[in-house]
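> The following block contains the structure, expressed as structure tokens.
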Amino acid sequence: MVGWMTVKLAEIRQLIQAGLVVAAMLFVAHVWWKTKALIPTLGAMLLAGAVLWGTANIQWFQDRIGEEMHSLGTPATSPAAAYPAAAYPAAAYPAAASPAE
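Oh and the sequence shown: position 16 is 54 in our numbering, straight run, nothing missing.
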């Protein structure tokens, strides 16, 4: 069952990437059709290429983020651990005696 699902997910991923290639080509064609200019069309090509590269190399981004997360050193401490009074604000301010007593 797990093997079958893995194969299907890989096929779906390939289908999505193929759809993105078609969408990128349509995007570049649309920009060319609307502007008939070289610079906007080159910009559209660069943007489409960056999107396609990013979707094809998502694992590269995940690896870089993981490296950054693990290279930060010690985890952040809780403010309650650094300032015990912050955890119990009522303890920082003793109750005032009531004037009726």
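We put the CB at the ideal spot given by N, CA and C, even for glycine.
Run the CB neighbour count on V40, radius 10 Å, all protein chains shown included, and call it buried at 16 or more, exposed below.
Under this definition V40 is an exposed residue.
> Rounded to a whole number of angstroms, what is the C-alpha to C-alpha distance between P78 and W70?
About 8 Å.
> Leaving aside the five residues before and after I96 along the sequence, list all residues of the same chain whose C-beta is less than 6 Å from its C-beta, in chain order.
Hits under 6 Å: none found.
> Quick check on A88: buried or exposed, where buried means 16 or more other Cβ atoms within 10 Å of its Cβ?
Under this definition A88 is an exposed residue.
> When burial is assigned at 16 or more other CB atoms within 10 Å of the CB, is A82 buried or exposed?
Buried, by the Cβ-count rule.
> Select from A75, A48, A86 the residue whose C-alpha is nearest the C-alpha of A61.
A61 has its Cα closest to that of A86, out of A75, A48, A86.
> Candidates V66, G92, Q52: which alpha carbon is nearest L80's?
Measuring from the Cα of L80, the nearest candidate turns out to be V66.
> Compute the Euclidean distance between the alpha carbons of E49 and F99, then round it to the nearest angstrom.
Going from the Cα of E49 to the Cα of F99 covers about 21 Å.
> Starting from M39, trace the alpha helix (DSSP H) both ways and give me its first and last residue.
Counting along the chain, M39 falls outside any alpha helix (DSSP H), and DSSP gives it neither H nor E.
> Cα-Cα, which of H108, I103, L90, S109 is closest to I54?
Measuring from the Cα of I54, the nearest candidate turns out to be L90.
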